[in-house]
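Asks: Residue numbers (the working numbering): 1 to 265. Cβ atoms here follow ideal geometry from the backbone N, Cα and C, with glycine treated the same way. One structure, as structure tokens, below. Some questions next.
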């Protein structure tokens with residue numbers, strides 16, 4: 001793994017942690033922005049889309065929640081992660097009365113964790129609701145035809161919305177990625193400026209060497225110019241401040257991204 005990839009993974013983890021913090025503070029707008037940045041930095045980060053899906057779910061925007069849970073399930077590498085994503089996909093389908101899809105989602109969740117009693121309960125409930133739905137359709141054929149037509153229209157609309165949503169998500173994620181690149185460029189420019197300032201400070205130090213017995217006069221800094229001691233003190237202060245900031249960031253990363261599992265049924 002190259003250094004750029006490692007850097008992107010670390011930034012993605014940091015954005016995820018910040019998104020969790022904003023979500024805890026009920027700041028949905030900034031939480032969403034942080035999660036999007038995390039996803040744009042590392043497409044294999046399945047925690048960020050999962051938590052973003054939870055945020056959408058709590059805000060009752062189920063189509064957006066579906067897209068993010070699906071993304072999390074596809075990028076998940078462990079059975080535990082897949083179980084949580086498919087469990088919540090089942091919850092989304094239950095909200096829209098798509099019981100057959102809910103049954104399949106819970107079934108997939110149980111394949112990855114057969115011991116979860118909450119998923120088992122939801123699976124049984126979804127099967128019962130599906131059976132009831134099918135009986136109602138059987139007892140009312142006319143209604144069944146209309147329901148099938150409505151369901152097909154609904155499915156077509158959902159597919160269109162999903163395609164549109166995925167396109168918008170890709171565009172937004174690309175925009176977040178471009179913002180991240182611009183931020184990296186600004187940080188690089190700032191580092192280059194600091195190096196130039198340091199070189200200028202070294203040049204000032206050479207110019208201030210005592211000459212021809214004027215040592216006492218030349219030790220005094222000229223107007224608008226820092227003395228060598230001031231330059232050194234300034235650089236040390238900047239380095240100490242950077243070290244404190246880095247230590248703070250590292251301390252946050254150690255906590256790791258917090259995962260919430262929405263199980264409302």
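Could you please give the first and the last residue of the uninterrupted alpha helix (DSSP H) stretch that includes residue 5?
Replies: Run containing residue 5: 3-24, per the alpha helix (DSSP H) assignment.
Asks: Residues in the same chain with beta-carbon distance under 8 angstroms from residue 111, minus the five sequence neighbours each way, listed in chain order, please.
Replies: Excluding sequence neighbours, residue 111 sits near nothing in its chain.
Asks: Grouping DSSP H, G and I as helix and E and B as strand, with all else coil, what is residue 49?
Replies: Helix, per DSSP.
Asks: Can you tell me the Cα-Cα spacing of residue 97 and residue 80, whole angstroms?
Replies: Cα to Cα, the separation comes out at about 26 angstroms.
Asks: Are the region 68-77 and the region 22-33 touching, with three or more C-beta to C-beta distances below 8 angstroms?
Replies: No: the two stretches stay apart, fewer than three of their Cβ pairs being nearer than 8 angstroms.
Asks: Measuring only the C-alpha atoms, how far is residue 22 from residue 10?
Replies: Cα to Cα, the separation comes out at about 19 angstroms.
Asks: Alpha carbon to alpha carbon, what distance is there between residue 44 and residue 132?
Replies: Cα to Cα, residue 132 sits roughly 40 angstroms from residue 44.
Asks: Select from 233, 2 and 100 the residue whose C-alpha is nearest the C-alpha of residue 125.
Replies: Checking every option, the nearest Cα to that of residue 125 belongs to 100.
Asks: Starting from the Cα of residue 303, find the closest Cα among 119, 19 and 128 and give me that residue.
Replies: No answer is possible for residue 303: it lies beyond the span of the chain, which begins at 1 and ends at 265.
Asks: Using a Cβ-Cβ cut-off of 8 angstroms (strictly less than) and excluding sequence neighbours within five positions of residue 113, which residues of its own chain qualify?
Replies: Around residue 113: 79, 80, 83 and 119.
Asks: With a CB to CB cut of under 7 angstroms and the five nearest residues on each side skipped, what residues in its chain are close to residue 324?
Replies: The chain is shown only over 1 to 265; residue 324 falls outside these bounds and no answer can be derived.
Asks: If residue 37 sits next to residue 56, beta carbons under 8 angstroms apart, how far is it from one beta carbon to the other, in whole angstroms?
Replies: Wrong, their Cβ atoms sit about 17 angstroms apart, outside the cutoff.
Asks: Rounded to whole angstroms, what is the Cα-Cα separation between residue 7 and residue 75?
Replies: In a straight line, the C-alpha of residue 7 is about 19 angstroms away from that of residue 75.
Asks: Between which two residues does the alpha helix (DSSP H) carrying residue 100 extend?
Replies: Taken as a continuous stretch (DSSP letters only), the alpha helix (DSSP H) holding residue 100 covers 99-112.
Asks: For residue 41, count the other beta carbons within 10 Å of its own beta carbon; 16 or more makes it buried, fewer makes it exposed. Which is it?
Replies: So residue 41 counts as buried.
Asks: Expressed to the nearest angstrom, what Euclidean distance is found between the alpha-carbon atoms of residue 116 and residue 87?
Replies: Looking at the two C-alpha atoms, the distance is approximately 10 angstroms.
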